[in-house]
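**Q** Take a look at this one; I'll ask things after.
There are 2 protein chains.
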Amino acid sequence: MAIIVQKFGGSSVADAAKVKNVASRVIDTYQEGNSVVVVVSAQGDTTDDLIDKAHEINENPSKREMDMLLASGEQISIVLLAMAIEDRGFPVISLTGWQAGFVTNSNSGNARIKKIDTERILSELDKKKIVIVAGFQGLDKYDDITTLGRGGSDTSAVAIAAAIHADKCEIYTDVDGVYTADPRIVPSAKKLDAITYDEMLDLASLGANVLHNRSVEMAKKYSVKLEVKSSFEKVDGTIVKEAVSVEKMLIRGVARDNDVARIAIVGLEDKPGIAFRVFSLLAKKGINVDVILQSIGREGKKDISFTVTKNHMQEAIKLLEAEKETLCYDEITHRDDISKVSIVGAGMVNNPGVAAKMFEALYDAGINIHMISTSETKISVLINVNNAERAVQAIHDKFLI
Amino acid sequence: MAIIVQKFGGSSVADAAKVKNVASRVIDTYQEGNSVVVVVSAQGDTTDDLIDKAHEINENPSKREMDMLLASGEQISIVLLAMAIEDRGFPVISLTGWQAGFVTNSNSGNARIKKIDTERILSELDKKKIVIVAGFQGLDKYDDITTLGRGGSDTSAVAIAAAIHADKCEIYTDVDGVYTADPRIVPSAKKLDAITYDEMLDLASLGANVLHNRSVEMAKKYSVKLEVKSSFEKVDGTIVKEAVSVEKMLIRGVARDNDVARIAIVGLEDKPGIAFRVFSLLAKKGINVDVILQSIGREGKKDISFTVTKNHMQEAIKLLEAEKETLCYDEITHRDDISKVSIVGAGMVNNPGVAAKMFEALYDAGINIHMISTSETKISVLINVNNAERAVQAIHDKFLI
Chain A
15 MAIIVQKFGG
25 SSVADAAKVK
35 NVASRVIDTY
45 QEGNSVVVVV
55 SAQGDTTDDL
65 IDKAHEINEN
75 PSKREMDMLL
85 ASGEQISIVL
95 LAMAIEDRGF
105 PVISLTGWQA
115 GFVTNSNSGN
125 ARIKKIDTER
135 ILSELDKKKI
145 VIVAGFQGLD
155 KYDDITTLGR
165 GGSDTSAVAI
175 AAAIHADKCE
185 IYTDVDGVYT
195 ADPRIVPSAK
205 KLDAITYDEM
215 LDLASLGANV
225 LHNRSVEMAK
235 KYSVKLEVKS
245 SFEKVDGTIV
255 KEAVSVEKML
265 IRGVARDNDV
275 ARIAIVGLED
285 KPGIAFRVFS
295 LLAKKGINVD
305 VILQSIGREG
315 KKDISFTVTK
325 NHMQEAIKLL
335 EAEKETLCYD
345 EITHRDDISK
355 VSIVGAGMVN
365 NPGVAAKMFE
375 ALYDAGINIH
385 MISTSETKIS
395 VLINVNNAER
405 AVQAIHDKFL
415 I
Chain B
15 MAIIVQKFGG
25 SSVADAAKVK
35 NVASRVIDTY
45 QEGNSVVVVV
55 SAQGDTTDDL
65 IDKAHEINEN
75 PSKREMDMLL
85 ASGEQISIVL
95 LAMAIEDRGF
105 PVISLTGWQA
115 GFVTNSNSGN
125 ARIKKIDTER
135 ILSELDKKKI
145 VIVAGFQGLD
155 KYDDITTLGR
165 GGSDTSAVAI
175 AAAIHADKCE
185 IYTDVDGVYT
195 ADPRIVPSAK
205 KLDAITYDEM
215 LDLASLGANV
225 LHNRSVEMAK
235 KYSVKLEVKS
245 SFEKVDGTIV
255 KEAVSVEKML
265 IRGVARDNDV
275 ARIAIVGLED
285 KPGIAFRVFS
295 LLAKKGINVD
305 VILQSIGREG
315 KKDISFTVTK
325 NHMQEAIKLL
335 EAEKETLCYD
345 EITHRDDISK
355 VSIVGAGMVN
365 NPGVAAKMFE
375 ALYDAGINIH
385 MISTSETKIS
395 VLINVNNAER
405 AVQAIHDKFL
415 I
């Protein structure tokens, strides 16, 4: 009797058998009397294969054409899922992003959803059809296909759930919920029954890899009730919502993010507005900067270090080098063999000892810290990537066992 | 200074090297100062691969979903060609069928073009861009993606040429023009400099495999000047237009079509309207019938034989069997190990000896004829498929050497 949006990632639909498994999950929900909208990503390695195909022909294709290419990946996966549901005898229709009404801005490769014209989705639901929607894609005002960038399919699912006022948005993944740490690294990690948007947001943006932060931010903004569940096992997942009954845990979880590169601008002239110019330069090109550290260097000069995702590293360096004359710096250094390890929890705000306890855990494990960043609800450190798993284990043992 | 539409088939863009080759051909035309619109099919075996993927999941998927799946094939090939042109530094944009303004009816799998809204294509040409359009696909009034069926990409190209009043529509293929017979079968076959629409139409519908009859019909209707050219060699092709200077050839060419299945309805009651009911039944389901032969059977009954393309054979038989009671016949027989071999030429209408000469060629080669069909400009025979190549050779030798 409810409206439920379900999202399945690429690994959940990687081959014919898995597509049929997803079809069964969807049909079960439909047969319970619910209206069901399903958002699907491209199958398995399809996106990477398409990128390889493009790079065989053009090392540096335009983002507009790349979006058009990548969007074909979901167009294939939605059809295959629809066909699997047809094969079981249930009414179904697949819709591309633009057919489903996704209107985005024109920022190819990393477009933002402006609105969803829900008419088509709602009219298909009225016909009692299961509606399969291509995640990750939309259409801009010029009728050009856009893609939403990282975490796009999660965001598509939450956006639909918000637009059609769904009762729940279920995100199906390889794991059966949100854990206090990655269970593949920390076997003693515990599954959480529930977590707040803010805690999930910290975990997501810190590389827990369960939900992308854009989707959690949108879920928070529109109060969409999320559930993170397993694609393969039929067990309760983790609910993400506004308020969670407080548990006696200082921290909610430990996360690791290896998709980090550090860039340092060494020897900047110490004059006003330099940081503004550096980061507005990057922002204009859609490069998100994460941890920022500014330090005083020698002779009245200063250094600025910051992190970006690995795929943005070369572009960021190129941008900065092109502006070397106006920014006035000595040199740029970079490294991408690093990892960001973080602890998250609303409980730490009133516990000044949390940071010290985390650093102690790392010290005991003999792990060196390159950079530190703290906020009210999380503490992140940058360390060598080959220490990352041991660091997660050590911190988890210290806090959560 | 002209507007030129170029169409490249799937084998012309089968891999990265071939895509780059096509990009060079397109750029050459653009650099001569022409406005260029390019229509591309899906790469090589992509369409077959997608069909296999679908059948792994559902033996009998809906045509609506199949069209959505197949359309992704051209979406990939147009982007790759656009990227190859970008790589060479020329302005270019790829457009799907619906972006290019193709409006079709809702006959999924075999849709007809109703109109082309040329606004987008023309505005991109105004910006001096090379425009790459996905062939074979369009959008119906419900915003569902459709495909045009066999010969769809040729038809897309001619339709654009007609809609934007192009000076020429060049169809690039594996061969460098239209020959008096398939050069792979008859090494002495000669390339024609020019041919009329009607002759091309006969050759196309008779299986010469160079141009699909739908595209030639449309070219004739809108007086689009066609040229059949080689994708790989830079030589003049064959021009297809209204009037061609008469050459001293009795016949224009020999064609073979192996995609033929014969169905015989044996022992039909000999009452009025039976043929009408049989063929309207098939027409309603979009099954095209080719050669029809009606003969008097025993005891006041008659037999009707006809041919369809192989992929329609089972569906046609099923339709007829479902109506066995109302049609009143004894049995249905069928075979698909046959070939249709035809000679074409405006010259034969005043030469009653042409048919006899053709049959003599087959008799000399010891080839048995199953069915004969004649019109003013062509003579077709149905023979065993394993005799087809010898038959083409024998007829070509008789007439054209």
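Protein chains in written order, with the working numbering: chain A, 15 to 415; chain B, 15 to 415.
Just so you know, even glycine gets a beta-carbon here, dropped at the ideal spot from N, CA and C.
#1: Output the boundary residues of the beta strand (DSSP E) element that contains B:T132.
#2: Just checking, does the region 17-29 of chain B make contact with the region 402-412 of chain A on the three C-beta pairs under 8 Å criterion?
#3: Once the 5 residues before and after A:A402 are set aside, which same chain residues still bring their CB inside 8 Å of it?
#4: Among the residues of its own chain, which have a CB less than 6 Å from the CB of A:I92, if the five just before and after it don't count?
#5: Straight-line CA distance for B:D250 to B:G191?
#6: Do B:F22 and B:Y186 have their beta-carbon atoms positioned less than 8 Å apart in this structure?
#7: Shortest alpha-carbon distance to B:L5 belongs to which of B:T323, B:L282, B:H179 and B:G166?
#8: Which same chain residues, not among the five before or five after A:T321, have their C-beta less than 6 Å away from its C-beta?
#9: Pick from B:D216, B:G281 and B:G287: whose alpha carbon is nearest that of B:G267?
#10: For A:E184, name the three-state secondary structure that DSSP assigns.
#11: Name the DSSP beta bridge partners of A:D29, please?
#12: Quick one: any contact between the region 87-105 of chain A and the region 115-122 of chain A, if contact means 3 or more CB pairs under 8 Å?
#13: Kindly indicate which three-state DSSP category A:M15 falls into: helix, strand or coil?
#14: Span of the beta strand (DSSP E) holding A:I397?
#15: Could you check where the alpha helix (DSSP H) with B:T340 kicks off and where it finishes?
#16: List, in chain order, every chain A residue whose beta-carbon is nearer than 8 Å to that of B:D250.
#17: Can you name the start and end residues of the alpha helix (DSSP H) that B:Q57 belongs to?
#18: Is the Cβ-Cβ distance between A:L95 and A:V50 less than 8 Å?
#19: Determine, for A:E329, whether the minimum Cβ-Cβ distance to residues of chain B falls below 8 Å.
#20: Kindly indicate the opening and closing residues of the beta strand (DSSP E) around A:T388.
#21: With 7 Å as the limit, tell me which residues of the region 70-87 of chain A have their beta carbon closer than that to any beta carbon of chain B; keep them in chain order.
#22: Around the Cβ of B:C183, are there at least 16 other Cβ atoms within 10 angstroms (buried) or fewer (exposed)?
#23: Hey, A:I301 and A:T252 are a contact pair by Cβ (cut 8 Å); roughly how many whole angstroms apart?
#24: Of all Cβ atoms in chain B, is any one closer than 8 Å to the Cβ of A:M232?
#25: Contact defined as beta carbons within less than 8 Å: I believe B:L220 pairs with B:K392. What is the distance between those atoms, to the nearest angstrom?
#26: Please confirm whether B:D63 has its beta-carbon closer than 8 Å to some beta-carbon of chain A.
#27: Kindly indicate which residue of A:A171, A:R198, A:E70 and A:K315 has the alpha-carbon position closest to the one of A:V280.
#28: Could you check which residue in A:K299, A:H69 and A:V368 has the C-alpha nearest to that of A:N124?
#29: Any contact of the region 126-134 of chain A with the region 155-175 of chain A, i.e. 3+ C-beta pairs under 8 Å?
#30: Can you tell me the Cα-Cα spacing of A:K255 and A:K234, whole angstroms?
#31: Distance check for A:S245 and B:T132, CA to CA, integer angstroms please.
#32: Could you tell me whether the Cβ of A:Q89 comes closer than 8 Å to any Cβ of chain B?
#33: Restricting to Cα atoms, I'd like to know which of B:N325, B:A289, B:Q328 and B:H326 is closest to B:V319.
#34: When you check each C-beta in the region 152-186 of chain A against every C-beta of chain B, which residues fall closer than 7 Å?
#35: Taking DSSP as the reference, what is the three-state secondary structure of A:N272?
#36: Would DSSP call B:A278 helix, strand or coil?
**A** Let me lay it out:
#1: B:T132: not part of any beta strand (DSSP E); DSSP gives it neither H nor E.
#2: Contact between the region 17-29 of chain B and the region 402-412 of chain A is absent, because fewer than three Cβ pairs lie under 8 Å.
#3: Excluding residues within five positions, the ones whose Cβ falls inside 8 Å are R270, N272, S353 and V355.
#4: Closer than 6 Å at the Cβ level, and outside the excluded window around A:I92, lie V54, S108, I146 and A148.
#5: For B:D250 and B:G191, the distance between alpha carbons rounds to 8 Å.
#6: Using a Cβ distance threshold of 8 Å, B:Y186 and B:F22 count as a contacting pair.
#7: Nothing in the structure corresponds to residue 5 of chain B, since chain B is present only between 15 and 415.
#8: The beta carbon of A:T321 sits closer than 6 Å to the beta carbons of V274, R276, D304 and V305 from its chain, once the five residues preceding and following it are set aside; these are given in chain order.
#9: When only C-alpha atoms are compared, the closest one is B:D216.
#10: The answer is strand: DSSP assigns A:E184 an E or B state.
#11: Per DSSP, none; premise fails for A:D29.
#12: The region 87-105 of chain A, when compared against the region 115-122 of chain A, does not touch it at the 8 Å Cβ threshold.
#13: Of the three classes helix, strand and coil, the one that applies to A:M15 here is coil, per DSSP.
#14: A:I397: member of the beta strand (DSSP E) spanning K392 to N398, first to last residue.
#15: Segment K338 to L341, the alpha helix (DSSP H) holding B:T340.
#16: The contacting residues do not exist; B:D250 stays about 29 Å from chain A at best.
#17: Counting along the chain, no alpha helix (DSSP H) covers B:Q57, and no H or E run does either.
#18: Contact flag unset, no.
#19: Residue contact with chain B for A:E329: absent (no Cβ-Cβ distance below 8 Å to any residue of chain B).
#20: A:T388 -> beta strand (DSSP E) spans M385 to T388.
#21: Of all residues in the region 70-87 of chain A, only E70, I71, N72, P75, S76, E79, M82, L83 and S86 place a beta-carbon less than 7 Å from a beta-carbon of chain B.
#22: Within 10 angstroms of the beta-carbon of B:C183 lie 16 or more other beta-carbons, which makes it buried.
#23: Contact flag wrong, Cβ pair sits at about 31 Å.
#24: With 8 Å as the cut-off, A:M232 does not count as an interface residue toward chain B.
#25: Rounded, the Cβ-Cβ distance is 7 Å, consistent with contact.
#26: Not an interface residue.
#27: When each option's Cα is compared against that of A:V280, the closest is A:K315.
#28: Nearest Cα to A:N124 within the set A:K299, A:H69 and A:V368: A:K299.
#29: Between the region 126-134 of chain A and the region 155-175 of chain A there are three or more inter-stretch CB-CB distances shorter than 8 Å, so the stretches are counted as touching.
#30: For the pair A:K255 and A:K234, the Cα-to-Cα distance works out to about 8 Å.
#31: Their backbone Cα atoms lie some 45 Å apart in a straight line.
#32: So yes, A:Q89 belongs to the interface.
#33: Here residue 319 of chain B turns out to be Ser, not Val, going by the sequence shown. For B:S319, the nearest C-alpha among the options comes from B:A289.
#34: Residues of the region 152-186 of chain A with a C-beta atom less than 7 Å from some C-beta of chain B are D157, listed in chain order.
#35: Residue state, collapsed to three classes: strand.
#36: Assignment of B:A278 by DSSP, reduced to helix, strand and coil, places it in the strand class.
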